[in-house]
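Peer 1: Start counting the sequence shown at -7; every next residue gets the next number (our numbering). From the three backbone atoms N, C-alpha and C, an ideal C-beta is built for every residue, glycine too.
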Amino acid sequence: MQGLMMQQPLLVASLLKHAERHHSTQEIVSRRVEGDIHRYRYVDLAQRARRMANALASLAVAPGERVGTLAWNGYRHMELYFAVSGSGAVLHTLNPRLHADQLVYLIEHAQDRVIFFDLTFLPLIESVASRVTSPKFYVAMTDRAHMPRNHGLGSRLLRYEDLIEGHRADFEWPLLDENSASSLCYTSGTTGNPKGVLYSHRSTLLHTYAAALPDSLNCSARDTILPVVPMFHVNAWGLPYIACMVGAKLVFPGPALDGKSLYELIEQEQVTLSAGVPTVWQGLLAHAGSQNSSFSSMRRTIIGGAPCPTAMTAAFQKGHQVDVLHAWGMTELSPVGTVCSFKAHQVALPEAQRYALQARQGRSVFGIDMKIVDAAGKELPWDGYASGDLHVRGHWVTSEYFGGEHDTPLHDGWFPTGDVSKIDPDGFMQIVDRSKDVIKSGGEWISSADIENVACLHPDVATAVCIAARHPKWDERPLLLVVKRAGSTLGMEDLLNFFDGRVAKWWKPDAVLFVDAVPIGATGKVLKNQLREQYGDHYLQAR
Ligand code: ADP
């Protein structure tokens, strides 16, 4: 017997309709590329998104066609999130930190018809435009007053505000098939060529529901959310959609991601919840520490994309009374997979145990199932010790990559994440390493993430990266690269002694190299493959 309930497709535009109807006066604040602060309300967002949807139709963007964006976090980018997907086209968020050659590859691969860009990226667009054939138009996300006179794009260059002004706001969002594509994001390619992940309206909506829950990212109409994680990287972890669903105030940082600018925006707009990768928060904590400043409104911060070191969790929680929500996910998961929220019996645990728990990436949100398997594919126990390849499945996990040139990534219906993990009896997953980064010493595994976590506890260590270096006897041994805090005279022996009693003896790195900086990739993560190329022979050369 069939149920007798209404059938309503799960559509991205319905989030905007809800926000306009039920949270019309809630604010969206953006630091613009032009330098000033812009503010308006959800009702304005909805109206301008409809104008932009009409503009897209006038540019002959057909349903299913891709529209690229090369933009910071801001209100115009947010309008495109809804105008493009809502009208049936596919929003392709391009990462402006990529090299021009990679952008050429991605634009052609996705066959973007129109590309919208923030003015910051005009030189990048100019260098790419002559090498791509698919885009018919480029749209500078600015107004007449800020439009540069000289550019190399000729009549193909349009102005965003002209498109808005030139089109009416009476657009009916089409009733699309909920399984149709809504947006496209390529993996950052730290582990190979970028692969396109094609989200659907349905997967996006289900992800939005689940990611907003109290034990997930915990968002509500009482929040003021600052997504520092870029809108060009996995849809800013879904926060633009979540904000519409719950009616939260949104604050967009634009291009100003340094500690001082972020701190000022957080205080000025009374942000309650922020989200970003650990490298960004280092800058914010350094600024707050140097000024002896505290946060007057911020109470939670979501940290993910890379392991959050315990030292960072402690700096936020003890130093600033800001709770850390450690989360794990990936482009292929839209991205939220697990979040480290305590269960009832863990809340009153002694501090050290709570910190140890928070170093884990957390438990599955409903909609994602996970398991760990050994090399033969056999499922391993959730005992907190056994570690194996992490596989996931769920409503917002990719089933195949865009373009069809890759084999199906699935194994028996599960998606292998490329991460090596363990899971404790409470269901808390901990990333031991990426399978490409794990150190295999004499046939046993060493977790580079654990080594880095310990090194970061040393007060003189600003950044620590542990890589596998080839070794004549053990195949591989851990090599630690460290950026010291300014003025520190820390030596190798002192740092190595710091590991005594904190990790198993054979896990202790054999050497430390002090470096000025480590290379950071386009999504804010350390480029370990580059470091392995540079330093991977250290123990061979040392002989
Ligand atoms: P790419 O794989 O191209 O770097 P993603 O941004 O999708 O692109 O990265 C996903 C990967 O990032 C995960 O597979 C995992 O290795 C890592 N990751 C994400 N969150 C965390 C976290 N909290 N702790 C450790 N690693 C994480």
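1. Go ahead and pull the three-state DSSP assignment for Lys335.
2. At a cut-off of 8 Å, is Arg426 close to ligand 1 when judged by its beta-carbon and the heavy atoms of the ligand?
3. Under DSSP, the beta strand (DSSP E) around Met(-3) begins and ends at which residues?
4. By a C-beta neighbour count over all protein chains shown, 10 Å radius and 16 as the cutoff for buried, is Met(-7) buried or exposed?
5. Rounded to a whole number of angstroms, what is the C-alpha to C-alpha distance between Thr264 and Arg292?
6. Let's see if you can read the secondary structure: which residues bound the beta strand (DSSP E) around Thr455?
7. Which residue spans inside the segment 391 to 460 form an unbroken alpha helix (DSSP H) run of at least 4?
8. What I want to know is whether the C-beta of Asp411 ends up closer than 8 Å to one or more non-hydrogen atoms of ligand 2.
9. State the DSSP-derived secondary structure class of Met44, mapped to helix, strand or coil.
10. Which runs of the beta strand (DSSP E) spanning at least 3 residues fall entirely within the segment 45 to 99, listed in chain order?
11. Cβ of Lys414 within 9 Å of Cβ of His383?
12. Here's a check: name, in chain order, each residue in its chain whose Cβ is nearer than 7 Å to the Cβ of Ala307, leaving out the five neighbours to either side.
13. Provide the residue span of the beta strand (DSSP E) that contains Tyr32, from first to last.
14. Does the Cβ of Ala228 lie closer than 8 Å to at least one heavy atom of ligand 1?
15. Checking 9 Å against the spacing of the C-beta atoms, do Gln103 and Ser126 come in under that value?
16. Would you please state the rounded distance, in angstroms, between the beta carbons of Leu114 and Ala75? I believe it to be under 8 Å.
17. Rounded to the nearest angstrom, what separates Trp499 and Leu150 at their Cα positions?
18. How would you label Gly395, buried or exposed, when you count the other beta carbons within 10 angstroms and need 16 or more for buried?
19. Ile295 and Val269 - do their beta-carbons sit closer together than 9 Å?
20. Using a Cβ-based criterion (distance less than 8 Å to any ligand heavy atom), does Ile415 qualify as near ligand 1?
21. Below 9 Å between beta carbons: does that hold for Phe108 and Met133?
22. Do you know whose CA, among Ser79, Pro245 and Ile431, lies nearest Ala173's CA?
23. Cβ-heavy atom distance between His318 and ligand 1 below 8 Å?
24. With the cut-off set at 9 Å, would you say Phe506 and Val457 are in Cβ contact?
25. Counting only beta-carbon atoms, is Arg43 nearer than 9 Å to chain D?
26. So Val53 packs on Val106, CB below 8 Å; how close in whole Å?
27. Given 8 Å as the limit, is there contact between the segment 270 to 290 and the segment 234 to 247, that is, 3 or more CB pairs closer than that?
28. Of the choices Ser356, Gln274, Arg23 and Gly144, whose alpha-carbon is the least far from that of Cys300?
29. Measure the Cβ-Cβ separation of Ala267 and Pro219 and say whether it is below 9 Å.
30. Terminal residues of the continuous beta strand (DSSP E) containing Leu325?
31. In terms of residue numbering, what span does the beta strand (DSSP E) encompassing Ala267 cover?
32. Compare the beta carbon distance of Ser326 and Val221 with 9 Å and say whether it is the shorter of the two.
33. How close, in whole Å, do the beta carbons of Ser180 and Ala514 come, if the pair is a contact with beta carbons under 8 Å?
34. Please go through the segment 103 to 131 and give each complete beta strand (DSSP E) segment of 3 or more residues, from N-terminal end onward.
35. Considering only the alpha carbon of each residue, which of Asp315, Ser147 and Ser439 lies closest to Gly380?
36. Spatial neighbours of Val504 within its chain, please: CB distance less than 7 Å, with the 5 preceding and 5 following residues excluded, ordered by chain position.
Peer 2: With the structure as the only source:
1. Residue mapping note: residue 335 aligns to position 343 of the sequence shown, counting from 1. Here Lys335 sits in coil by DSSP.
2. Taking the sequence shown and counting its residues from 1, one reaches residue 426 at position 434. It does: the Cβ of Arg426 is within 8 Å (strictly closer) of some heavy atom of ligand 1.
3. To locate residue -3, count along the sequence shown from 1; it is residue 5. Here Met(-3) belongs to no beta strand (DSSP E), and DSSP marks it neither H nor E.
4. On the sequence shown, position 1 is the one that residue -7 refers to. Looking at its Cβ environment, which holds fewer than 16 other Cβ atoms inside 10 Å, Met(-7) is exposed.
5. As a working note, residue 264 is residue 272 in the sequence shown. As a working note, residue 292 is residue 300 in the sequence shown. Answer to the nearest angstrom: the Cα atoms are 6 Å apart.
6. One-based indexing of the sequence shown puts residue 455 at position 463. Unbroken beta strand (DSSP E) run through Thr455: Val453 to His463.
7. Runs of the alpha helix (DSSP H) inside the segment 391 to 460: 440 to 449.
8. In the structure shown, ligand 2 is absent; the only ligands present are ligand 1.
9. Within the sequence shown, residue 44 is the residue found at index 52, counting from 1. Reduced to three states, the DSSP call for Met44 is helix.
10. 58 to 62 and 82 to 85
11. Indexing the sequence shown from 1 puts residue 414 at position 422. Indexing the sequence shown from 1 puts residue 383 at position 391. Not closer than 9 Å, so no.
12. As a working mapping, residue 307 is identified with position 315 in the sequence shown. The residues Leu277, in chain order, have a CB closer than 7 Å to that of Ala307 in the same chain once the five nearest residues on each side in sequence are set aside.
13. Numbered from its first residue, the sequence shown carries residue 32 at position 40. Where Tyr32 is concerned, the enclosing beta strand (DSSP E) stretches over Ile29 to Arg33.
14. Numbered from 1 along the sequence shown, position 236 holds the residue referred to as residue 228. For ligand 1, not one heavy atom lies less than 8 Å from the Cβ of Ala228.
15. Residue mapping note: residue 103 aligns to position 111 of the sequence shown, counting from 1. Residue mapping note: residue 126 aligns to position 134 of the sequence shown, counting from 1. Their beta carbons are under 9 Å apart, which means Gln103 touches Ser126 by this criterion.
16. Start at 1 with the first residue of the sequence shown, and residue 114 comes out as number 122. Start at 1 with the first residue of the sequence shown, and residue 75 comes out as number 83. With a Cβ gap of about 22 Å, Leu114 and Ala75 do not count as contacting.
17. As a working mapping, residue 499 is identified with position 507 in the sequence shown. As a working mapping, residue 150 is identified with position 158 in the sequence shown. Distance between the alpha carbons of Trp499 and Leu150 is about 57 Å.
18. Walking along the sequence shown from the start, residue 395 turns up at place 403. That one is exposed.
19. On the sequence shown, position 277 is the one that residue 269 refers to. On the sequence shown, position 303 is the one that residue 295 refers to. For Val269 and Ile295, yes; Cβs fall inside 9 Å.
20. Walking along the sequence shown from the start, residue 415 turns up at place 423. Result no, Cβ not under 8 Å from ligand 1.
21. Start at 1 with the first residue of the sequence shown, and residue 108 comes out as number 116. Start at 1 with the first residue of the sequence shown, and residue 133 comes out as number 141. Cβ distance < 9 Å, so Phe108 and Met133 count as in contact.
22. For the purposes of this step, residue 173 is identified with residue 181 of the sequence shown, where counting begins at 1. Nearest option by C-alpha distance: Ser79.
23. Against the sequence shown, residue 318 aligns to sequence position 326. Flag set: Cβ of His318 near ligand 1.
24. Locating residue 506 in the sequence shown gives position 514, counting from the first residue. Locating residue 457 in the sequence shown gives position 465, counting from the first residue. Contact flag unset, no.
25. The structure shown contains no chain D; it is built from a single protein chain.
26. As a first step, residue 53 must be located in the sequence shown, where it is residue number 61. As a first step, residue 106 must be located in the sequence shown, where it is residue number 114. The pair is a contact, with the Cβ atoms about 6 Å apart (cut-off 8 Å).
27. no
28. Locating residue 300 in the sequence shown gives position 308, counting from the first residue. Residue Gln274 is the option with its Cα nearest to Cys300.
29. Reading the sequence shown from its first residue, position 275 is the one you call residue 267. Reading the sequence shown from its first residue, position 227 is the one you call residue 219. With contacts defined by Cβ atoms closer than 9 Å, Ala267 and Pro219 form a contacting pair.
30. Position 333 of the sequence shown, counted from the first residue, corresponds to residue 325. From DSSP, Leu325 is part of no beta strand (DSSP E); its letter is neither H nor E.
31. The residue given as residue 267 occupies position 275 in the sequence shown. Looking at the DSSP string, the run of the beta strand (DSSP E) that includes Ala267 is Leu265 to Gly268.
32. Taking the first residue of the sequence shown as 1, we reach residue 326 at position 334. Taking the first residue of the sequence shown as 1, we reach residue 221 at position 229. Not closer than 9 Å, so no.
33. Position 188 of the sequence shown holds residue 180. Position 522 of the sequence shown holds residue 514. Sure, about 6 Å apart at Cβ, within 8 Å.
34. 104 to 109
35. By one-based count along the sequence shown, residue 380 stands at place 388. Ranking the options by Cα distance to Gly380, first place goes to Ser439.
36. Counting from one through the sequence shown, the residue named residue 504 turns up at place 512. If we look at Val504 and ignore the five residues flanking it on each side, its Cβ neighbours are Leu472, Val474, Met484, Leu487 and Leu488.
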